[in-house]
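Undergrad: I'd like to ask some things about the structure below.
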Amino acid sequence: MLNVSRFTTTATEVLVVIDSGVADFQLLAKSVMNGAEVLILDPDRDGIQQITEAQRQYQANTIHIVSHGAPGCLQFGNTQLNLNNLNAYAATLQTWFVNSTQPQLLLYGCNVAAGDAGEEFITKFQHLTGAEIAASTTLVGSAIQGGNWSLDFKTGEIAPDLAFSTTLIETYAHTFVIESVQVGGEAYARGSFVQVGLRANGTFGASAAGLPTGWQPTRSGTGLMGFIADSGKDGWATFDGDFFTPGTPEEGFTLEVGGTSYSNNTDGSLAEVVGSITGVTNGVTVLGSPAAEINWSGSVAGVKVDRTFTVAEDGLFILMKTTLTNISGSNITTPIYWMHNVDPDNNQSINGNFATTNTIVSQPNGSTDLAQVTATQPDGSTLSLAAIDPQARVTYGGFNNRDASNVWDGVGFTSAVSSSANADQAVSLSHKINSLTAGGSTTFFYAYNLAADSSFLASVLTAFAKPSTPDLTALSDTGISDTDNITSNNTPTFVGTVAPNVTVTVFVDGTFLGTTNSDTSGNWTFTTGMLVDDTYDITITTTDGAGKVSPASSPLSVTIDIVDPPAAPTGLDLVALSDDGTSSTDDITSDTTPTITGTAEPNSRVELFDNGTSIGDTMSDGSGFWTFTPSALLAPGTHPITAAVIDTAGNVSATSAPLSITIVGASTVPSNLDLVTLSDTGVSSTDDLTRDDTPTIVGKADPGVEVSLFDNGIFLGTATTDGNGDWTFTPGTLLSEGEHPITVKAKDAAGNLGAASSTLNVIIDTTPPAAPASLDLATASDDGTSSTDNITSINTPTITGTAAPDSTVELFDGTTSLGEATNNGSGVWTFTPTNPLLVGTYSVTAKATDAAGNTGAASAPLPLTITAPPGVPFNLDLVDASDTGDSNTDELTQDSTPTIIGKADPNTTVVVFDGMTNLGEATTDALGNWTFTPLSPIADGVHPFTARQKDGAGNLGTAAIPLNITIDSTAPSAPAAAPNLIDTSDTGASNTDNVTSDNTPTFDGVAPLGATMVELFAGTTSLGKAAVDSSGNWSFTPTTALADNTYSITVKAIDEAGNISPASPPLSITIDALPPKVTFTPLQTNDSTPALTGKIDDPNAVVEVKIGGVTYQATNKGDGTWFIPDNTIAPLPEGGFDILVTAKDKQGNSGIDNGGSGAGGAGGTTKAITVDKTAPTGAILTVTPTQAGVNTVAIQFTEPVTNFDVSDLQLSRSQDGVETPVSLAGQNSRVQTGAKPGH
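Counting from 1, one number per residue, gives the positions in the sequence shown under the numbering used here.
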């Protein structure tokens, strides 16, 4: 059956999905509403996937799903969709209506929306698909069966028409309910679901009888046995002697083919073996027990799995028959493994641990080919699982293992190799099939049994372990089908598969026919003697090495037919549609797969031959009429066609009279269709979009043939190819606007039109686009004082506007093209001229041209003015007063509001920037000079100062070359130590007492990091600056002498930017550069070792006296005088002596006096000390009489005298030799000494 059947060819928004599992599905399909697409679901495929694939093609807004249903459950294909697996299909369901608007979903399954489960299912289904849903809470279908067609449960405002005609609705005799079949005892089958429950007395419990929603019977007493098999759920088998409860794991299996494992479960750990229940048979009697058979089928990896569950109500056993058939088409030579996992105590139940303390005894596979495990129940009965097969094994501990070969080999588990094993363990029952020939099969059995005697199970298995049915080989099956077992071969060959190395006995209608042996793989072959025409039942039995004979196999019905062959076919002819030449009866055609008709024996196979070679076969109908179309192309030329009849048994008639058919070669399909360049007027000369409504088309075909052109199938005209096969065509009538799918067909010699060329899609568009609108200067380009005045200094301004989407926009100044704009596809365009516009006024318009080359009217003009751009400032510099660093040209300053100067055009405004930050404006003077000082302090760092000139429109011009100014307003730290007076300048008593007579002393020290100079201060008075060397050392000597005083000397560090640090700690120094004043009064004495004395103004000065080359230490009395005691100096002879008195203070200043002036210092010529031990003598020089008897007497001494008094003189007068004293009383006298000797 096809996955998708198309019953209509009209496109529609409605898709009707019909499950082939519903009754009379063909009748339903034929009765679908007109205009709908129909999907028939393949029963062997996932229904959800099939609908998804179809919806990708149709994208329908409404989907009708006709399938079996139950509350919260839909059955379609091999899939059951329910609450348990709805989320697993979520991603797929969400794609159903992804491209649909107002999607609707109609579900015809019975009871789908019934109860809480149904409502929850519909709600989730709507959420996943996004569709409004209509479904039913009752039976859907025939009213006689209790159904209706109302779909009474709706999720929204949905009222669609039903999918079927009124006649079908009134006459359909079925409903769409999932059948629940009770097959014996407590066994149920529903969809792909099987459930079995038995108890010791042959019944189970009352709660399972209806089974509409619960799926599992509830717990009921002891001595129970059961399992669940459901291909739509996950789990492993449980046979349980105590409980059979909701949540019992399912009966499951693992199949390993080619080293890959597959499972019938959907847990995702293994690939799934998808299958479904294929039939239920009630009323079967097995070993005297009423029983039922449930058949399940699926396939994977080239292996078909057929399973039959036989449930014996009285015998209390459940038998599983499994047949594996190789449907891969080739031999399977690697082992195939089958594994069945079980839990004797149900402690693997998904609802919890129900472990008991059953005693488990296993019987390994021995000479009886029986592998069995038995659990003794608390009530004394036994629950057994056994398999009869030489390759069956029982293994412990493999419950969660999915690798069947490992379980069979016992890898990682415990193989049951002894008669007993530990209790309470999960058990694996596995089978190994060494190989399987193409088409071959193998069958094995295993069973559960609840009874007091565990040996009963062996007899059950033995009774059922009959060999597989024999098969007629394809070569012997000579009839119409090689599988219908009707043959004209009266010595047919039969094959089959049984246990390896056994004797196979063949019977015909119960009569012994012969024996053969199976090989090591269990394969056998047998060819009969001569059989007469008749129908026979072929059966076999097997006998093993112990002489045990199996039950007879199921019979194979074979028909032998070797009667006279049928009559030859007659009336061979070409059908008129295939005879496409100039005559429909001349059997000359260009059809390379022509359809041939004729008559033959009714319901027979007709084989056709071309010149004796078979080209295929067909079947005649009940009237003997047949038709045939070869699957392979017939080559050009003459073909003698004959036919022969083969009846159902394979008997062949004589051949018919020949039908001579002539196949003429088809003309070459025209190619290279194209519009000529002149006709392809669009943006591209290859896009086939044009404004030419009579476009010229060219192409290629066979030389000298006629070609016909079609526009969407409508004939346009013809053209004839030249000797090179080229043709040209121009339509005689105008083509309408729109798309024109142009195709071309060439005529062959018989006048047949050949296949159509590939389509040339020509689009005619003669309507020009509307004029562009909303022309405007972009804000970023309108740089005047207004962003809307369209006055700008930008000579490549950007203009914007709107136009038809995807049109080409060209801009003009008057009639001069400025260039093409860029259209963003949404109708918005921008234009920037590539060539700068000159200063002046422009009237800018735009025209739009569509893809076909149609040009519309011009837009309204946009007035545009281009102004000259402002000049560029230059010669930016920092004024010297602001350039506070070491150099007034290094642009390094501590001034955070530095003054900047520069040049620009005269009488303009200059905007000053720090980088991109506007600092303010300055105005140039008539010479173009400008000055700017920022109002706010600028942070420390490097600042690229630049300037831009404004024009009259307020546009800023190009920035000047940046002036990089470094602002550093951070003073260095204070010098750590006070200045140091160097030793050579510290002239005092100690070279560390900072007392000096040097009034230009030298200081040194170490400056802090970052300092380049230091400045020294005496108090607050700057003494001067000194440079700091690379090691931070400095030295300073003042250029102006310091007056004597005590000073507080500090130093401040100065960095490169001129920042001055705080002062260092002070250094206190004393300057004393004046010598002490010492004096000595000249001395005349008759003492040769006289005492010496003088004055000194420094009480601490040291006084030394040097006389005649000898130095004497004087004593400074501290009261302003000094002295040398009498008899200290060496005796001096009479005469005059020079003296040098020196006074030296503690600063080292020396004062001297040589007694010359008595005022201190050196001066005069008089000897400072005169020693005179001889008394002076005097003589009267003159006596000069004066008036009134007064005489002036001049007396001259021999040396200057001191302390002379007139009274010291005695004068006498000698007259006539007589000395007379002269009285001096009352007389004036004048003594002059020292002026002249003797005076």
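A virtual CB, placed ideally from N, CA and C, is assigned to each residue, including glycine.
Does the segment 1047–1067 come close enough to the segment 1016–1028 to have 3 or more Cβ pairs within less than 8 Å?
TA: These segments touch.
Undergrad: Please list the terminal residues of the continuous alpha helix (DSSP H) segment that includes Asp116.
TA: For this step, residue 116 is matched to residue 116 along the sequence shown. From DSSP, the alpha helix (DSSP H) with Asp116 extends over Gly115 to Thr129.
Undergrad: Out of Thr924, Asp1098, Val1105 and Asp1138, which one is the CA nearest neighbour of Asn1149?
TA: As a first step, residue 1149 is located in the sequence shown; it is residue number 1149 there, counting from the start. Taking only the C-alpha atoms, the option nearest Asn1149 is Asp1098.
Undergrad: Leu27 lies in the alpha helix (DSSP H); which residues open and close that run?
TA: Walking along the sequence shown from the start, residue 27 turns up at place 27. Taken as a continuous stretch (DSSP letters only), the alpha helix (DSSP H) holding Leu27 covers Phe25 to Lys30.
Undergrad: Would you call the segment 649–664 and the segment 682–692 touching, i.e. three or more CB-CB distances under 8 Å?
TA: No, the segment 649–664 does not touch the segment 682–692.
Undergrad: With the cut-off set at 8 Å, would you say His1251 and Ser142 are in Cβ contact?
TA: The displayed coordinates of the chain run from 1 to 1239. Any statement about residue 1251 would go beyond what the structure contains.
Undergrad: Since Ser441 and Thr325 are thought to touch, with beta carbons under 8 Å apart, how far apart are those beta carbons, to the nearest angstrom?
TA: Counted from its first residue, the sequence shown places residue 441 at position 441. Counted from its first residue, the sequence shown places residue 325 at position 325. Contact holds; Cβ gap of about 4 Å.
Undergrad: What is the residue span of the beta strand (DSSP E) that Ile1124 lies within?
TA: Within the sequence shown, residue 1124 is the residue found at index 1124, counting from 1. Ile1124 -> beta strand (DSSP E) spans Thr1121 to Ile1124.
Undergrad: Which first and last residues belong to the beta strand (DSSP E) in which Glu53 is found?
TA: Numbered from 1 along the sequence shown, position 53 holds the residue referred to as residue 53. Careful: Glu53 lies outside any beta strand (DSSP E), inside the alpha helix (DSSP H) at Gly47 to Tyr58.
Undergrad: Does the Cβ-Cβ distance between Gly47 and Val14 come in under 8 Å?
TA: The residue given as residue 47 occupies position 47 in the sequence shown. The residue given as residue 14 occupies position 14 in the sequence shown. No; because the gap between Cβ atoms is not below 8 Å, this pair is not in contact.
Undergrad: Given this structure, state the Cα-to-Cα distance separating Asn61 from Ala756, to the nearest angstrom.
TA: The residue labelled residue 61 in the question sits at position 61 within the sequence shown. The residue labelled residue 756 in the question sits at position 756 within the sequence shown. The alpha-carbon atoms of Asn61 and Ala756 are separated by roughly 34 Å.
Undergrad: Should the segment 895–910 be called in touch with the segment 937–950, which here means at least 3 C-beta pairs below 8 Å?
TA: These segments touch.
Undergrad: Grouping DSSP H, G and I as helix and E and B as strand, with all else coil, what is Ser1022?
TA: Residue 1022 sits at position 1022 when you count from the first residue of the sequence shown. In this structure, Ser1022 counts as strand in the three-state DSSP scheme.
Undergrad: If we ignore side chains and look at the alpha-carbon of each, how far apart do Ala474 and Thr497 end up?
TA: To locate residue 474, count along the sequence shown from 1; it is residue 474. To locate residue 497, count along the sequence shown from 1; it is residue 497. Between Ala474 and Thr497, the C-alpha separation is close to 16 Å.
Undergrad: Rank Phe715, Lys745 and Gly723 by C-alpha distance to the C-alpha of Thr733 and give the top, closest one.
TA: Translated into the one-based positions of the sequence shown, residue 733 becomes position 733. The shortest Cα separation from Thr733 among Phe715, Lys745 and Gly723 belongs to Phe715.
Undergrad: Does the beta-carbon of Gly185 have 16 or more other beta-carbons within 10 angstroms, so that it is buried, or is it exposed?
TA: What you label residue 185 is simply residue 185 of the sequence shown in a count that begins at 1. Confidence is the limiting factor: at Gly185 the pLDDT is only 38, short of 50, which leaves the residue's position unreliable, though a coordinate-based value still follows. Buried: at least 16 other Cβ atoms inside 10 Å.
Undergrad: Measuring alpha carbon to alpha carbon, tell me which residue in Ile433, Pro937 and Asn1033 is nearest Thr333.
TA: For this step, residue 333 is matched to residue 333 along the sequence shown. Thr333 has its Cα closest to that of Ile433, out of Ile433, Pro937 and Asn1033.
Undergrad: CA-CA distance, Phe1197 and Ala1168?
TA: Position 1197 of the sequence shown, counted from the first residue, corresponds to residue 1197. Position 1168 of the sequence shown, counted from the first residue, corresponds to residue 1168. Their backbone Cα atoms lie some 22 Å apart in a straight line.
Undergrad: What's the gap between the Cα of Pro636 and the Cα of Thr593?
TA: As a first step, residue 636 must be located in the sequence shown, where it is residue number 636. As a first step, residue 593 must be located in the sequence shown, where it is residue number 593. When rounded, the distance between both Cα atoms is 11 Å.
Undergrad: Residues in the same chain with beta-carbon distance under 7 Å from Pro630, minus the five sequence neighbours each way, listed in chain order, please.
TA: Counting from 1 along the sequence shown, the entry for residue 630 is found at position 630. Thr593, Ile615 and Gly616.
Undergrad: Thinking C-alpha only, which one of Asp519, Gly514 and Thr520 is nearest Gly529?
TA: In the sequence shown, residue 529 corresponds to position 529, counting from 1. Comparing Cα positions, the closest option is Gly514.
Undergrad: Go ahead and label Asp19 buried or exposed: buried means 16 or more other beta carbons lie within 10 angstroms of its beta carbon, across all protein chains shown.
TA: Start at 1 with the first residue of the sequence shown, and residue 19 comes out as number 19. By the 10 Å Cβ count, Asp19 comes out buried.
Undergrad: Please look up how many angstroms separate the CB atoms of Val1268 and Asn1116, rounded, as I've assumed it's under 8 Å.
TA: Beyond the ends of the chain as shown, which are 1 and 1239, falls residue 1268; an answer cannot be given.
Undergrad: Would you call Thr849 buried or exposed, if buried means 16 or more other Cβ atoms sit within 10 Å of its Cβ?
TA: As a working note, residue 849 is residue 849 in the sequence shown. Buried: at least 16 other Cβ atoms inside 10 Å.
Undergrad: Identify, in the order they occur along the chain, each residue of the same chain with its Cβ nearer than 6 Å to the Cβ of Asp1126, setting aside the five sequence neighbours on each side.
TA: By one-based count along the sequence shown, residue 1126 stands at place 1126. Cβ within range, chain order: Ala1091.
Undergrad: DSSP three-state call for Ala868: helix, strand or coil?
TA: On the sequence shown, position 868 is the one that residue 868 refers to. In this structure, Ala868 counts as coil in the three-state DSSP scheme.
Undergrad: Applying the 10 Å Cβ sphere with the 16-neighbour rule, what's the burial state of Asp230?
TA: One-based indexing of the sequence shown puts residue 230 at position 230. For Asp230, the pLDDT reaches just 39, beneath the cut-off of 50, and the residue's location in the model is therefore unreliable, although a value from the coordinates is still provided. Looking at its Cβ environment, which holds 16 or more other Cβ atoms inside 10 Å, Asp230 is buried.
Undergrad: How many angstroms separate the CA atom of Gly109 from the CA atom of Thr443?
TA: On the sequence shown, position 109 is the one that residue 109 refers to. On the sequence shown, position 443 is the one that residue 443 refers to. Going from the Cα of Gly109 to the Cα of Thr443 covers about 37 Å.
Undergrad: Measure the alpha-carbon distance for Ile158 versus Gly72 and round it to whole angstroms.
TA: Your numbering for residue 158 matches position 158 in the sequence shown. Your numbering for residue 72 matches position 72 in the sequence shown. One C-alpha to the other measures close to 20 Å.
Undergrad: Mind checking Thr815: buried by the 16 CB within 10 Å criterion, or exposed?
TA: For the purposes of this step, residue 815 is taken as residue 815 along the sequence shown, with counting starting at 1. Label assigned to Thr815: exposed.
Undergrad: Lys30: buried (16+ other C-beta within 10 angstroms of its C-beta) or exposed?
TA: Taking the first residue of the sequence shown as 1, we reach residue 30 at position 30. With fewer than 16 Cβ atoms within 10 Å of its Cβ, Lys30 is classed as exposed.
Undergrad: Per DSSP, Leu659 is paired with what?
TA: Indexing the sequence shown from 1 puts residue 659 at position 659. Answer is Ile641.
Undergrad: Confirm, please, whether the CB-CB distance from Thr95 to Thr1241 is below 8 Å.
TA: Outside the displayed span of the chain (1 to 1239) sits residue 1241, for which this structure offers no information.
Undergrad: DSSP three-state label for Ile332, please.
TA: As a first step, residue 332 must be located in the sequence shown, where it is residue number 332. It is a strand residue.
Undergrad: Name the two residues that bound the continuous beta strand (DSSP E) containing Ile799.
TA: As a first step, residue 799 is located in the sequence shown; it is residue number 799 there, counting from the start. Ile799 -> beta strand (DSSP E) spans Ile799 to Thr802.
Undergrad: For a quick check, are the C-beta atoms of Ile1124 and Ala1114 less than 8 Å apart?
TA: To locate residue 1124, count along the sequence shown from 1; it is residue 1124. To locate residue 1114, count along the sequence shown from 1; it is residue 1114. Taking 8 Å as the Cβ cut-off, Ile1124 and Ala1114 qualify as a contacting pair.
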